[in-house]
Amino acid sequence: MERSSDYGAFMEKFVLKPSSSSHELPLNGLTFAVKDSFTLWVELLISFDVNGFVTGFGNPDWARTHSAATSTAAAVLAILRGGVTCVGKTVMDEMAYRK
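In my numbering, the protein residues as written are -19 to 79.
This is how it looks when you write it as structure tokens:
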């Protein structure tokens, strides 16, 4: 897994390639990034974790004081299985507070 420190809109840049022969998959050649967040919807907390990376919710202190994920979110795995390559985690507003 290749990592980069040239962040721009990214919290971290890395490359996660599809696990199977992607040239035959429907989304081959596309890329995506995972938002460094979670979604709160009707009391369901869905975190977009990537195995080996901290989901920091846009908060550097949170990211610094929490462990890396030990699994990858089902949504991220589904996209990878379609042949898409993940290129990192993007920045978001701190803790995703809304009023």
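Built from N, CA and C at the ideal position, the CB exists for glycine as well.
Measure the CB-CB distance between residue i and residue j and report whether it falls below 8 Å.
i: proline -2; j: arginine 44; result: no
i: valine 56; j: phenylalanine 28; result: yes
i: valine 67; j: alanine -11; result: no
Sorry if obvious, but does the Cβ on residue i come closer than 7 Å to a heavy atom of the ligand NAD?
i: lysine 69; result: Here there are no bound small molecules, and the ligand NAD is not part of this structure.
Starting from residue i, follow the beta strand (DSSP E) in both directions and report where the run begins and ends.
i: valine -5; result: -10 to -4
i: glycine 62; result: Run containing glycine 62: none; DSSP gives neither H nor E here.
i: phenylalanine 37; result: Where phenylalanine 37 is concerned, there is no enclosing beta strand (DSSP E), given that its DSSP letter is neither H nor E.
i: threonine 11; result: 11 to 15
Which of the three DSSP states, helix, strand or coil, is assigned to residue i?
i: threonine 45; result: helix
i: valine 56; result: helix
For residue i, I'd like the list of residues in its chain whose CB is within less than 7 Å of its CB, leaving aside the five on either flank, ordered along the chain.
i: tryptophan 42; result: Gly36
Output needed for residue i: all residues of its chain with C-beta closer than 6 Å, excluding positions within five of it in sequence on either side, in chain order.
i: lysine 69; result: Met(-9), Glu(-8), Val14, Asp16
i: threonine 65; result: Lys(-3), Thr11
i: glutamate 23; result: Confidence at glutamate 23 is low in this model, with a pLDDT of 47, below 50, so the placement of that residue should be treated as unreliable; the coordinate-derived value is given next. None.
i: valine 34; result: Ala43, His46, Ala48
Using CA atoms only, rank isn't needed, just tell me which of the options is closest to residue i.
i: serine 47; options: Pro6, Val30, Glu4; result: Val30
Would residue i pass as an interface residue toward chain C - the criterion being a Cβ-Cβ separation below 8 Å?
i: threonine 11; result: The structure shown contains no chain C, having only a single protein chain.
Please return the same chain residues whose Cβ sits closer than 8 Å to the Cβ of residue i, not counting the five positions on each side in sequence.
i: methionine -19; result: Here methionine -19 scores only 49 on pLDDT, less than 50, and its place in the model should not be relied on; the value that follows carries that caveat. Counting only Cβ-Cβ distances below 8 Å, and skipping sequence neighbours, we find Phe(-6), Val(-5), Leu(-4), Gly32.
i: isoleucine 59; result: Leu7, Phe12, Cys66
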